[in-house]
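For the protein sequence lines, the chains are A and H, in the order given.
Residues 10 to 452 (our numbering) make up the first sequence, in order.
Residues 722 to 1250 (our numbering) make up the second sequence, in order.
Beta carbons are placed, not taken as given, at the ideal position from N, Cα and C, and that holds for glycine.
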Amino acid sequence: MHTREQAKAIIDRVLSLSKADEISIRLSGGTTSHLRFARNATSTSGSYQGPSLNIASSFGKRTGSVKVNQFDTDSLKRALRRSEELASLAPEDPEHMPALNRQNYPAVAGFSQKTADHGAEKLADWVNTCIGQAESAGVKAAGYSQTTARYSCVANSRGLFGYHQSSGAYLSETARTDDDTGSGWAATASHRIEDIDAPLISRTAVNKAKLSAKARPIEPGKYVTILEPACVANLIAMAVWFMGKRAADEGRSYFSAAAGGNRIGEKLFDERIHIYSDPADPNVPGSPWGSDGVPQTRRDWIKGGVLENLHVDRYWAKKTGVEPIPQPANLIWKGRRGSVDDLVASTERGILVTSLWYIRPVDRRTLLFTGITRDGVFWIENGKIAHPVQNLRWNESPINVLGNLDAMSASQRVAPRNWRTATAMLPAIRVKEFHFTSRSEAV
Amino acid sequence: MDRRAFLKTGLHAGSIAALTACTGRAGPSSVPPSTGQSVEFSDPRLRELADVALGAARDAGASYADIRISDHRRQTIFTREKRVANIEDSEDRGFGVRVIANGTWGFAASSRVEKDEIARVAGRAVALARANSKLQKAPIKLAPTRSHVAVWNTPIERDPFDVPLDQKVDTLLSINAEALKVSGVSFCQSSMGFVREHKFFASTEGSYIEQTLHRCHPRFQVTAVDRKRGSFQTRNSYSDPQGMGYEYVDTYPWLDDVRQAGQDAVAKHTAKSVEPGKYDLVLHPSHLWLTIHESIGHPTELDRALGMEANYAGTSFLTTDKLGTFQLGSEIVNFVGEKTHIGSLATCGYDDDGVETRAWDMVKNGIFVDYQTTREQAHLIGRAESHGTSYAQNWKDVAFQRMPNINLLPGNQPLSLDGLIAGTDRGILIKGRGSYSIDHQRYNFQFGGQAFYEVSGGKITGMLRDVAYQARTPDFWRSCDAICSREEYYVGGSFYDGKGEPGQANAVSHGCCPARFRRVNVINTKRSI
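Structural data, given as structure tokens:
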């Protein structure tokens, strides 16, 4: 992994070879090690390292971008000339923005040397724990473990320079009963290796598998539903992805105002909802800058149920007279007290969902999404889990979910499906209704 | 050009070649046989570098080793309305060494393609295999394959990386301009992406294979905003990614499609919202390919059926006990797997196990008869050889079982799309790729589309909106009662078929004709929020 000085030296070499009016540079690299397991045995493993350099050369309002991974001088020169050639051939971009001046980036403690030093061979220890617990319980385990140590740099010909190191550790397990009628899943991620509790992950997955075996079908419909934090993270991430100011201003977003403009400042959700991002959060540290190099900072997205911000790029920000806002560095929903179990205990009748899968947009006007439940769905009766229920397809909007909030637990760091980094801290929530539209016999 | 004329002329390019491949008959541009030791590689150093890895792995105790040295060139151009939003050009080079030691896989990779680094990485792969072997239950067993010394390239007519940038930009901006001429259209964004994947594979079994694969992905999206109604509607292009060069961009009827797309997007504002219920669905191939991908392509992956993907992509309802007996579809439903059809996305000469590609039956007269397999999987279902479906997206990724092109064979009786519609009393015609979601065992799915047309009394009577259909895979395919004949054949596909941990993308095509499915559950997706 390149140190700050080594990365700076590469960038300085690129800058010195550039012939463009302006040049913006992104440099990243590091090591990833991974080990998969399935059917209570290892399957594939791997370890790789490889940097990536992105050069955007501009002549006036013409820009061309090139990405390469070879850093000898000839390769760098070739990449530069190619980006300059693309820029010279490109038409003028009326939305071109000059390179950023020097920025002050927040200090983010997202790197742990101990995690970076946790080599590929040590992943077998976690996997051994998972397989051992699965075998003792008489179930079949599949899963994935990974560690990463990475750096990223942002720089340009106006003197901008930022260097950021991050580390990551991830473990997930799916346990399935021997008769394939039950399946349970658990996952964890952190930038600190010591946060990975392999016995707990395995125990949770195994228990869910056993509890979910021989699930009963229930009629599709609208139910009081407890969504575990992994579900909440998936749904909120979908909503936030579509919280762009330009789309809203242009009339093609749920967040568009009927009379033009957007709905910033409107109370759209339950007043207990406070969702923000903070790159320097000690539990879920994020990148100090956004995709266009704009510094990240602590920022409210929804507070007191009011839409506080929409993300906006530099061009649209300038055109509409606001400050640019990158997409959030992480997602933090300030929860209350208690656990999923406490939410179950206070539920008369309803459904508990472990995770959501294959979430896709259906109608962007209402932010309607569809997906399927997965790896543990349970019927709650009088504050207790009564029995497992079969998986259900749902068609629901996170807007409805945020409007139908009934109760929430404390927030916790969560690694929802499809994420292998620790960038979300959210509660489990109970909603007054969640719309399930058909049954699935999938286990 | 009206809608039906577009159907006739716009989507059928290459249909004859498609049929040649999907019926398993090798055409003149099919995969050549192995050509022996006289093959000339683009760079003789590739073989030397590969031998360093194979020797180092053997010396470290590997019983098998292979190396892929690859470089990946990509170019993508994004535009919206009158501006070019981004031009990206990328090159990514490196190598990965895969070994079996103590009966266990090990893999390591690096971007430094130099002899000392290759030897180090090969040793690292063997060390990882040894470390993980303590958790291995049964040794990896590879099905035998012929060794090959060969060169194979995607046959393209025009290399997209040689096409001047201004020509590409002009094409995209002219698409946007044409869309904006349609009254009521507010926005149009368009892009084109090109991939060249060059890889050199060598194994300790004597194979040295060099391949250059090309893929392209041009597309647009038109948006119509109606502030009075507080509504916006979109319609995407009916173009699909292809395993072709720039000739696909040259021949696709962009202006016809974008004019129609603009009209469709505007018409959606006032289209009738669908009445939920059971309908006979006439699925156009520009839509049906994705339903095939999700409901037939994924459940026939053997690694899913065996539980190897249980933690991520999921398992499969097509468990191995169903092989050869399970009625997956009606008797007219036949699927063929292949990686040999010229123009399709998964096509290559040899897979990433070094196995020569081929075509094989997967569903015959509605019965599920075979899976997608790799060398390490074939013996698990009692097969002597692999179907050649191993693929890694990049030098740093481990090769594993990935979907080949899977095609629905045309019907035996002459039947056009117009004829199929004429024979449908109460139905919906669906065109284009829309929303899609399916469960982790591939039973329950929901699909939307780009454009929906009400069919009543054998005629198209108007446009519908807010349409999605939900079904259970075997019920759906058993309800298939008509498939159009070969004249209607079309190949669609995806650049981003995802599977594996770490996640890898695979590009894959699916050929099919329009088909009808009886009494499928249609829901209305409109919500008031």
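Which residues in chain H have a C-beta closer than 9 angstroms to the C-beta of residue i? List them in chain order.
i: Q122/A; result: Near Q122/A there are no residues of chain H at all, since even the closest Cβ is about 21 angstroms away, more than 9 angstroms.
In the DSSP assignment, what are the bridge partners of residue i?
i: P370/A; result: F378/A
i: V421/A; result: Reading the sequence as shown, one finds Gln at residue 421/A and not Val. Answer by DSSP bridge pairing, in chain order: L435/A.
i: E390/A; result: R358/A, K393/A
i: A1226/H; result: G1219/H
i: V820/H; result: A786/H, G827/H
i: T933/H; result: N874/H, H919/H
i: D1082/H; result: V1057/H
i: P304/A; result: W298/A
i: R71/A; result: F68/A
i: Y160/A; result: G38/A, Q174/A
i: C139/A; result: Note: C139/A sits in no beta bridge, so no partner.
i: Q155/A; result: H43/A, Y179/A
i: C1233/H; result: Y1211/H
i: G55/A; result: H43/A
i: N78/A; result: Bridge partners of N78/A: none, in fact.
i: P765/H; result: None; P765/H has no bridge partner.
i: V315/A; result: K276/A, K312/A
Starting from residue i, find everything on chain A with Cβ-Cβ shorter than 8 angstroms and list it in chain order.
i: A829/H; result: G55, S56, Y57
i: E1208/H; result: Under the 8 angstroms cutoff, chain A gives no residues; its nearest Cβ is about 33 angstroms from E1208/H.
i: L856/H; result: F46, A50, T51, A133, V136, N137, I140
i: L1029/H; result: The amino acid at residue 1029/H is misidentified as Leu; the sequence shows Met. Here the neighbours are A47, R48, S52, A151.
i: A1236/H; result: What A1236/H touches in chain A: nothing, since even the nearest Cβ is about 22 angstroms away.
Just to confirm my understanding: we take residue i, look at its own chain, exclude 5 residues before and 5 after, and list those with CB closer than 6 angstroms. What are they?
i: S1275/H; result: Past the edges of chain H, shown from 722 to 1250, lies residue 1275/H, and the structure says nothing about it.
i: R111/A; result: G168, L169
i: G330/A; result: none
i: A451/A; result: N400
i: S175/A; result: G119, F120, R159
i: S755/H; result: Low local confidence applies: a pLDDT of 46 at S755/H is under 50, so the model's placement there is unreliable, and no value is given.
i: T744/H; result: No answer about T744/H holds up, because its pLDDT of 29 lies below 50 and its placement is not dependable.
i: I394/A; result: F387
i: S736/H; result: At S736/H, the pLDDT of 34 sits below 50, so the modelled position is not reliable; the number obtained from the coordinates is stated separately. Within the same chain, S736/H has close Cβ partners Y1210.
i: S1249/H; result: none
Tell me which same chain residues have a C-beta within less than 7 angstroms of the C-beta of residue i, skipping the five on either side of it?
i: I1244/H; result: P997, A1189, Q1191
i: S750/H; result: Only weak support is given to the placement of S750/H: the predicted model assigns it a pLDDT of 33, under 50, and the question is left unresolved by the model.
i: R746/H; result: Note on R746/H: pLDDT 27, under 50, position unreliable in the model; the coordinate value appears next. Nothing listed; no residue qualifies.
i: K441/A; result: V233, N413, D415
What residues from chain H crowd round residue i, counting only those whose CB sits closer than 8 angstroms?
i: P60/A; result: S832
i: A451/A; result: G1035, F1038, D1160, H1161, Q1162, R1163, Y1164, N1165
i: Q79/A; result: E812, R814, S832
i: I381/A; result: S1158, I1159, D1160, H1161, N1165
i: V215/A; result: Ordered by position in chain H, no residue passes the 8 angstroms Cβ test against V215/A, which lies about 13 angstroms from the chain.
Excluding the 5 residues preceding and the 5 following residue i in the sequence, name in chain order all residues of the same chain whose CB lies nearer than 8 angstroms to its CB.
i: G1028/H; result: T1036
i: A50/A; result: I140
i: Q142/A; result: A150, P208, S211, R212, V215
i: G1075/H; result: D787, T866, S868, H869, F922, S924, E926, S928, I930
Residue i versus chain H: which residues are under 7 angstroms apart at the beta carbon?
i: A146/A; result: Those within 7 angstroms of A146/A in chain H number zero; the least Cβ separation is about 16 angstroms.
i: S406/A; result: R1248, I1250
Would you say residue i touches the ligand GDP, meaning its beta carbon is less than 6 angstroms from a heavy atom?
i: Y1210/H; result: With respect to the ligand GDP, the structure shown offers nothing to examine, as it has no ligands at all.
Could you tell me which chain A residues have their CB closer than 7 angstroms to the CB of residue i, listed as they occur along the chain?
i: K1117/H; result: Y57, G59
i: R1104/H; result: The premise fails here: R1104/H is roughly 19 angstroms from chain A at the closest Cβ pair, so nothing lies under 7 angstroms.
Going along chain A, which residues have a C-beta under 9 angstroms from residue i?
i: V884/H; result: Within 9 angstroms Cβ-Cβ: nothing; V884/H doesn't reach chain A, min ~12 angstroms.
i: T1182/H; result: The contacting residues do not exist; T1182/H stays about 24 angstroms from chain A at best.
Worksheet item: Does the segment 144-154 of chain A come close enough to the segment 212-219 of chain A to have 3 or more Cβ pairs within less than 8 angstroms?
Response: Two segments are said to touch when three or more pairs of C-beta atoms, one from each, lie closer than 8 angstroms; by this definition the segment 144-154 of chain A touches the segment 212-219 of chain A.
Worksheet entry | Continuous alpha helix (DSSP H) assignments of at least 4 residues falling wholly in the segment 162-222 of chain A | 207-220
Worksheet entry | 3 or more residues per run - each beta strand (DSSP E) lying fully within the segment 980-1008 of chain H | 998-1004
Worksheet item: If you pair each beta-carbon of the segment 794-813 of chain H with each one of the segment 878-889 of chain H, do three or more pairs fall below 8 angstroms?
Response: yes
Worksheet entry | Cβ contact check for the segment 991-1006 of chain H and the segment 1235-1244 of chain H: 3 or more pairs under 8 angstroms | yes
Worksheet entry | the segment 1150-1160 of chain H in contact with the segment 363-370 of chain A per 3-pair CB rule at 8 angstroms | yes
Worksheet item: Is the number of C-beta pairs between the segment 74-89 of chain A and the segment 112-131 of chain A that are closer than 8 angstroms three or more?
Response: no
Worksheet entry | Entirely enclosed beta strand (DSSP E) segments - the segment 1172-1218 of chain H, minimum 3 residues | 1172-1177, 1180-1186, 1188-1193, 1201-1204
Worksheet item: Is the segment 909-925 of chain H touching the segment 761-775 of chain H in the sense that three or more CB pairs, one from each, lie closer than 8 angstroms?
Response: Yes, since at least three Cβ pairs between the segment 761-775 of chain H and the segment 909-925 of chain H fall closer than 8 angstroms, the two stretches touch.
Worksheet item: Can you list the beta strand (DSSP E) stretches of 3 or more residues lying completely in the segment 1021-1071 of chain H, in chain order?
Response: 1056-1059
Worksheet item: Does the segment 1063-1073 of chain H come close enough to the segment 1213-1233 of chain H that 3 or more CB-CB pairs lie under 8 angstroms?
Response: yes
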